[in-house]
Amino acid sequence: MAQCETSLSAFVFSSSTEQWQATASKNLRDLGLDRFESITMSHGPVSCQRRHYAYGCFYWDWVVISINKLLVFDTIRMEFSVADLPPGDWSMQGLAFVEAGEGRLGMLCFDGEFASHLSLSYAIVHNSGESPNQWLMEKTISLDSGYHYFIKAVTERCLLLMRTESLPGSPIEKPLLEYFTMDMETLQLQRVCAKRFKLRLPTSSIYAYFFQTGIYTNFPPSLSPPRTV
């Protein structure tokens with residue numbers, strides 16, 4: 177996807193011709209944005225737009241700059257559109273989109289200021305196949321107090337959370353980093369690993385951003401664990 181000052185374009189790479197081909201284009205004025213949103217989208221840094229994927233669509237959010245909207249690109253229809261996030265003071269610290277089942281898009285996000293991340297909100301689109309404009313708040317998931325939480329990675333049906341010790345304003349000696357997965361069918365957290373960092377680092381609200389984490393699935397046979405018959 178390429179973003180210009182006045183338009184958006186999508187390109188597809190052909191493995192047969194080894195060339196890029198333009199497949200979709202949209203003028204920003206045709207997306208139904210207000211003046212502030214249009215200017216912000218045209219001139220704002222790309223780092224403010226976080227990319228997500230679910231059900232054949234790419235989504236970019238602007239929560240980092242307090243705009244509760246999504247830019248949507250449907251890879252089946254090859255169309256751009258804009259959708260609204262559910263009402264809420266969504267935090268820039270973590271936002272993820274998942275496949276909620278039955279073709280419905282799901283969203284997980286911390287609600288409110290960073291210091292009050294004691295719960296994770298889960299909302300789903302009202303009907304399958306619809307544009308994500310009508311949301312239902314499905315559940316609020318309580319989290320343990322005394323920690324900072326970060327959404328680090330997501331697949332279609334699994335979320336990865338990292339939590340760190342919460343010591344606002346103070347450096348942390350050998351901080352403990354814990355990782356949890358959440359299955360979207362059960363919405364249950366499961367601790368998968370923990371590691372104590374050996375260096376003295378600034379407060380968790382700063383250093384946690386520097387730990388890049390991913391989820392890897394569908395390993396080739398050479399990397400898969402041995403199976404016991």
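Under the numbering used here, the first residue of the sequence shown is numbered 177, with each subsequent residue one higher.
Yeah, the Cβ is synthetic: ideal placement off N, Cα and C, and Gly gets one too.
Quick one: Cα of residue i to Cα of residue j, how far?
i	j	result
residue 192	residue 369	43 Å
residue 202	residue 185	7 Å
residue 229	residue 322	31 Å
residue 205	residue 255	15 Å
residue 189	residue 329	26 Å
residue 354	residue 179	37 Å
residue 340	residue 371	10 Å
residue 177	residue 208	19 Å
residue 320	residue 216	36 Å
residue 265	residue 247	18 Å
residue 291	residue 324	Because the pLDDT at residue 291 is just 47, under 50, the model does not fix this residue reliably, and the point stays unresolved.
residue 198	residue 187	4 Å
residue 231	residue 356	24 Å
residue 252	residue 277	19 Å
residue 242	residue 367	31 Å
residue 303	residue 373	44 Å
residue 212	residue 237	15 Å
residue 332	residue 210	32 Å
residue 195	residue 360	38 Å
With distances taken from CA atoms, which of the options is nearest residue i?
i	options	result
residue 365	335, 178 and 208	335
residue 315	219, 303 and 286	286
residue 250	215, 238 and 308	308
residue 183	196, 200, 277 and 358	200
residue 284	373, 358, 195 and 197	358
residue 310	245, 238, 194 and 211	245
residue 263	252, 239, 253 and 276	239
Are residue i and residue j close, meaning C-beta to C-beta below 8 Å?
i	j	result
residue 312	residue 327	no
residue 234	residue 226	no
residue 296	residue 317	yes
residue 181	residue 214	no
residue 279	residue 300	no
residue 298	residue 363	yes
Please confirm whether residue i has its beta-carbon closer than 8 Å to some beta-carbon of chain C.
i	result
residue 238	In the structure shown, chain C cannot be found, because there is only a single protein chain.
### Message
Three or more C-beta pairs under 8 Å: does that hold for the stretch 248–260 against the stretch 269–278?
### Response
no
### Message
Suppose only complete runs of 3+ residues qualify. What are the beta strand (DSSP E) ranges in the stretch 281–342, listed by chain order?
### Response
281–287, 295–301, 311–318, 323–330 and 334–341
### Query
In the stretch 180–238, which residue ranges form an unbroken alpha helix (DSSP H) of at least 4 residues, counting only runs that do not cross its ends?
211–219
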